[in-house]
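J.: Okay, handing you the structure first.
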Amino acid sequence: MSPPKEGGSRVRVRFFDPAPASSPSGALSGVEPLMIGVYGTADDLPMYVAREAGDFATADVVVNLMPAGSPQLSVNRLLSGELDAVVASLYDIMRYRLAGVPLQVVMPLGQLPLATSLVVETNSGVDELTALAGKTLGLESHGMAEVLLLQLLFESGMSRSDIDIVYLDRRAMVRHLKSGLVDAVLVSGLNKAGLAYLGLQEIERFASGNSDWQSYLVVHADSLTLFPQRWQAVANALFATAKRLEAKDPSSVELADNWLRYRNTGAAASALSEVRFIDVAKAAQLLGSDADFALGPLQDLLLELGEEVPDTSRDELVNETWLQAMLERAGDN
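Structure representation (structure tokens):
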């Protein structure tokens, strides 16, 4: 394993872009917001619902959401202070550590099926993954789709060097497919409704048994040190939000429609049925032991696939003292 690179000093400066950043609901005047990077997907849905439903305001914390961007862009935004936190998978967390970002895992958010679909333009001539040799593949900027891709390439006798990978926002994938900038996209949680109308087709679906992947809220260590009470308030709000999402509260499902932007009625509810949102007890289980956190097996897998892996562990990523205090206060609420 190679150690993480030393990151430069982090300066808390903000580079506001009024176009992508979303303003908080019920913002407290004069309070600098916490900036959280999101992707507009089901795993970061609790962030949007908590903001729009007023859970953050009820907890007296101001939160702004903005696109996290590509893997390298999100690294830059975390190191510069443009972002305080981001929604991430274990794979994303390892990429951040390789780039020298000091992170703390604050809480788990949701568990999603580990499955992806390979989508191309109809009559493109691409009929399977191996046909993409020398071509360009659009890939989601976060999550576990890339890990599944690396395994599929390995099993096919290929590697990441055999294809050109472009990281894309999910909402840009159709546009880039239609324009010919990418030859295929690998996307998780595909909603197939409307594919034929768009002139697209799913040619392969890949799943890792009955496995799920877990999303987390990860915070730059400096921000957690500076604002522990604010992050406690964020956690309290998100646990309240998760409870409503897990219960399929109608107002939360309506907000999910706004966030996921599916074209057909009922698609958001269907997507939510595949996500398990986390309560306090499950959070304690996932973050409380190496076996449940499952970082080691992922590190071993990536090493077998020839990937660079940071020398990190749950003990480094999870502040035990802060975790116990957060769980106790969240449980009291």
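Quick note, the sequence shown lines up with residues 840 to 1172 if you use this note's numbering.
For each residue, glycine too, the CB sits at the ideal point set by N, CA and C.
1. What would DSSP say about ASN903, mapped onto helix, strand or coil?
2. Apart from the five residues on each side of it in sequence, which residues of its chain come closer than 8 Å, Cβ to Cβ, to ASN1158?
3. Excluding the 5 residues flanking GLY949 on each side, which residues of the same chain have their C-beta closer than 6 Å to its C-beta?
4. Run through DSSP, which three-state label would PRO1089 get?
5. At the level of alpha carbons, what is the spacing between TRP1052 and ARG1010?
6. Output the boundary residues of the beta strand (DSSP E) element that contains SER956.
7. Hey, is the stretch 1010-1028 in contact with the stretch 950-964, meaning 3+ C-beta pairs nearer than 8 Å?
8. Going straight from the alpha carbon of GLY1083 to that of LEU989, what length do you get?
9. With distances taken from CA atoms, which of ALA1086, TRP1098 and ALA1122 is nearest SER1112?
10. Please classify VAL870 as buried or exposed, where buried requires at least 16 other C-beta atoms within 10 Å of its C-beta.
11. Return the Cβ separation of ASP887 and LEU1020 in integer angstroms, given the expectation that the two are a contact with Cβ distance under 8 Å.
12. Nearest by alpha-carbon distance to VAL1013: which of SER995, SER919, LEU992 and ALA1035 is it?
13. Grouping DSSP H, G and I as helix and E and B as strand, with all else coil, what is THR975?
14. Can you find a heavy atom of the ligand GTP that lies under 8 Å from the Cβ of ALA1133?
15. What residue does the alpha helix (DSSP H) around LEU968 start on, and which one ends it?
16. Do PRO910 and SER998 come within 9 Å of each other at the CB atom, strictly closer than that value?
17. As a quick exercise: from SER1152, LEU1099, SER963 and LEU884, pick the residue whose alpha carbon is nearest that of GLU1041.
18. Near PRO1067, what residues of its chain come up, given a Cβ to Cβ distance below 8 Å and the 5 sequence neighbours on each side ignored?
19. Helix, strand or coil for ASP1003 per DSSP?
20. Note down the Cα distance separating ASP923 from TRP1098, rounded to an integer number of angstroms.
21. Express the C-alpha separation of ASP1001 and PHE1078 in angstroms, rounding to a whole number.
22. Can you check which of these residues, THR969, LEU1065, THR897 and THR1151, is closest to GLY996 by C-alpha distance?
23. Can you name the residues that DSSP bridges to GLN1053?
24. Return the Cβ separation of THR1151 and ARG936 in integer angstroms, given the expectation that the two are a contact with Cβ distance under 8 Å.
25. List the endpoints of the continuous alpha helix (DSSP H) containing VAL986.
26. Secondary structure at ILE932, three-state DSSP: helix, strand or coil?
27. Going by beta carbon distance, what residues of the same chain come within less than 7 Å of PRO863, once the five residues before and after it are set aside?
28. Going by other Cβ atoms of all chains shown within 10 Å of its Cβ, with 16 needed for buried, is PRO885 buried or exposed?
29. For ARG1153, which residues of its own chain have a beta-carbon under 7 Å away from its beta-carbon, when the five flanking residues on both sides are left out?
30. Hey, would you say ALA1056 sits closer than 9 Å to VAL1119, going by beta carbons?
31. Could you give the residue range of the alpha helix (DSSP H) that holds GLY1127?
32. My output table needs one value for GLY876: the three-state DSSP class, helix, strand or coil.
T.: Quick look at the numbers:
1. Numbered from 1 along the sequence shown, position 64 holds the residue referred to as residue 903. Of the three classes helix, strand and coil, the one that applies to ASN903 here is strand, per DSSP.
2. Here residue 1158 refers to the residue found at position 319 of the sequence shown. The answer, listed in chain order, is GLN943 and LEU1063.
3. Along the sequence shown, read from residue 1 onward, the residue named residue 949 stands at position 110. Once the five neighbours on either side are set aside, the close Cβ partners of GLY949 are ASP882, SER1054, VAL1114 and PHE1116.
4. The residue labelled residue 1089 in the question sits at position 250 within the sequence shown. Here PRO1089 sits in helix by DSSP.
5. For the purposes of this step, residue 1052 is taken as the residue at position 213 of the sequence shown. For the purposes of this step, residue 1010 is taken as the residue at position 171 of the sequence shown. C-alpha separation (whole angstroms): 21 Å.
6. Numbered from its first residue, the sequence shown carries residue 956 at position 117. Note, SER956: beta strand (DSSP E), 942-960.
7. yes
8. Taking the sequence shown and counting its residues from 1, one reaches residue 1083 at position 244. Taking the sequence shown and counting its residues from 1, one reaches residue 989 at position 150. Looking at the sequence provided, one finds Arg at residue 1083 rather than Gly. When only Cα atoms are considered, ARG1083 and LEU989 end up about 36 Å apart.
9. As a working note, residue 1112 is residue 273 in the sequence shown. The option with the nearest alpha carbon to SER1112 is ALA1086.
10. Locating residue 870 in the sequence shown gives position 31, where the first residue counts as 1. Burial call: exposed.
11. By 1-based counting over the sequence shown, the position of residue 887 is 48. By 1-based counting over the sequence shown, the position of residue 1020 is 181. Per the sequence shown, residue 887 should be read as Tyr rather than Asp. That belief does not hold up - the Cβ atoms of TYR887 and LEU1020 are roughly 28 Å apart, past 8 Å.
12. Looking up residue 1013 in the sequence shown gives position 174. VAL1013 has its Cα closest to that of ALA1035, out of SER995, SER919, LEU992 and ALA1035.
13. What you label residue 975 is simply residue 136 of the sequence shown in a count that begins at 1. THR975: strand per DSSP, three-state reduction.
14. By its list of ligands, the structure shown contains no ligand whatsoever, and the ligand GTP lies outside what it can speak to.
15. Walking along the sequence shown from the start, residue 968 turns up at place 129. It is not in any alpha helix (DSSP H) - LEU968 carries neither H nor E in the DSSP assignment.
16. Translated into positions along the sequence shown, residue 998 becomes position 159. Translated into positions along the sequence shown, residue 910 becomes position 71. No, they are not a contact pair.
17. One-based indexing of the sequence shown puts residue 1041 at position 202. Checking every option, the nearest Cα to that of GLU1041 belongs to SER963.
18. On the sequence shown, residue 1067 is found 228 positions in, with the first residue counted as 1. Contacts found: TRP1161.
19. Against the sequence shown, residue 1003 aligns to sequence position 164. Three-state result, ASP1003: strand.
20. Residue numbering aside, residue 923 sits at position 84 when the sequence shown is read from its first letter. Residue numbering aside, residue 1098 sits at position 259 when the sequence shown is read from its first letter. Straight-line Cα distance between these residues: approximately 21 Å.
21. Translated into the one-based positions of the sequence shown, residue 1078 becomes position 239. Translated into the one-based positions of the sequence shown, residue 1001 becomes position 162. Cα to Cα, PHE1078 sits roughly 43 Å from ASP1001.
22. As a first step, residue 996 is located in the sequence shown; it is residue number 157 there, counting from the start. Here the closest residue by C-alpha is THR969.
23. Here residue 1053 refers to the residue found at position 214 of the sequence shown. According to DSSP, GLN1053 bridges with GLN950.
24. Taking the sequence shown and counting its residues from 1, the one referred to as residue 1151 is at position 312. Taking the sequence shown and counting its residues from 1, the one referred to as residue 936 is at position 97. So it is a contact: roughly 5 Å between Cβ atoms.
25. The count along the sequence shown starts at 1 and reaches residue 986 at position 147. Start and end: 984-994.
26. Position 93 of the sequence shown, counted from the start, is the residue given in the question as residue 932. Reduced to three states, the DSSP call for ILE932 is helix.
27. In the sequence shown, residue 863 corresponds to position 24, counting from 1. Note that PRO863 has pLDDT 45, beneath the 50 cutoff, so the model's placement of it is unreliable and no number is given.
28. On the sequence shown, position 46 is the one that residue 885 refers to. Answer is buried; the Cβ neighbour count reaches 16.
29. Here residue 1153 corresponds to residue number 314 of the sequence shown, with the count starting at 1. Around ARG1153: ASP1129, PHE1132 and LEU1134.
30. For this step, residue 1056 is matched to residue 217 along the sequence shown. For this step, residue 1119 is matched to residue 280 along the sequence shown. Before going further, note that residue 1056 is Leu rather than Ala in the sequence given. Against a cut-off of 9 Å, the Cβ pair of VAL1119 and LEU1056 comes out as no contact.
31. Working through the sequence shown from its first residue, we reach residue 1127 at position 288. Its alpha helix (DSSP H) spans residues 1119-1127.
32. Against the sequence shown, residue 876 aligns to sequence position 37. Strand, per DSSP.
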